[in-house]
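**Student:** Let me give you the structure first, and then I'll get to my questions.
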Amino acid sequence: MIRGIHGLFYSSSPEATRAFFRDQVKLPGSDIGEGWWIFDLPEGDLGVHPVGEEGDAGTHDISFYCDQIHRTVADLESRGVRFTAPVADHGYGLVTYFEAPGGVRVQLYEPKYTKPRKRSARPKHRAASGRGASKSKSPRRSSKSSRRPGSSRSKR
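Right under this line is the structure:
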């Protein structure tokens with residue numbers, strides 16, 4: 004059963020991009036070993052948009068949503084995040100964009116539609132055997148150190 008969505012940013016400066024999202028944007032996450040951070044967001048959703056002037060079929064986009072966009076923008080700017088556009092009404096929400104190191108552009112929006120409240124967080128402990136083994140928040144190192152999360156550019 005699918006439990007969530009995993010997104011990827013491809014960056015020309017991955018270490019700086021990871022540090023930016025961890026230290027300036029303050030996204031929660033874990034070091035899974037050798038500096039590879041996985042950011043763990045409490046919510047997620049997925050939209051499917053028609054192809055138009057903004058892109059070709061098969062492209063992907065990542066955006067973050069928030070409550071009180073003007074307050075969120077001010078908070079992020081106070082930590083050095085640089086916005087590239089003023090907040091504008093795009094119909095579905097109030098929208099702006101910011102830049103992260105490595106050539107990464109991110110949309111931030113406050114939805115106008117109502118999002119249902121998410122169910123409570125995952126159970127803290129699971130069975131200690133098999134597929135349900137408990138997950139630790141401490142850094143983990145894989146025995147396959149040459150494989151990195153997101154190291155393949157294939158579409159998922």
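Under my numbering, read the sequence shown as residues 4 to 159, first letter to last. Beta carbons: idealized from backbone N, C-alpha and C, even for Gly.
1) How about Ile72 and Leu97: are their beta carbons less than 8 Å apart?
2) Helix, strand or coil for Leu79? Go by DSSP, reduced to three states.
3) Closer than 8 Å is the cut-off here; do at least three beta carbon pairs connect the segment 98-106 with the segment 34-54?
4) If you draw a straight line from the C-alpha of Asp34 to the C-alpha of Val107, how long is it?
5) If Gly47 sits next to Ile5, beta carbons under 8 Å apart, how far is it from one beta carbon to the other, in whole angstroms?
6) May I have the straight-line CA-CA distance separating Leu111 from Arg85, to the nearest angstrom?
7) Relative to the alpha-carbon of Glu113, which residue among Phe42, Asp70, Thr62 has its alpha-carbon at the smallest distance?
8) State the Cα-Cα distance for the pair Tyr95 and Leu49, rounded to the nearest angstrom.
9) Cutting at 6 Å between CB atoms, please list the residues of its own chain near Gln27, excluding the five before and the five after it.
10) Cβ atoms of Gly32 and Trp39: under 8 Å apart, would you say?
**Tutor:** In short:
1) yes
2) helix
3) no
4) Between Asp34 and Val107, the C-alpha separation is close to 21 Å.
5) Their Cβ separation, rounded to whole angstroms, is 11 Å, which puts Gly47 and Ile5 out of contact at 8 Å.
6) 12 Å
7) Asp70
8) Tyr95 and Leu49 have their alpha carbons spaced roughly 14 Å apart.
9) Around Gln27: Arg82, Gly83, Val84.
10) It is not a contact, given that the beta carbons lie outside the stated cut-off.
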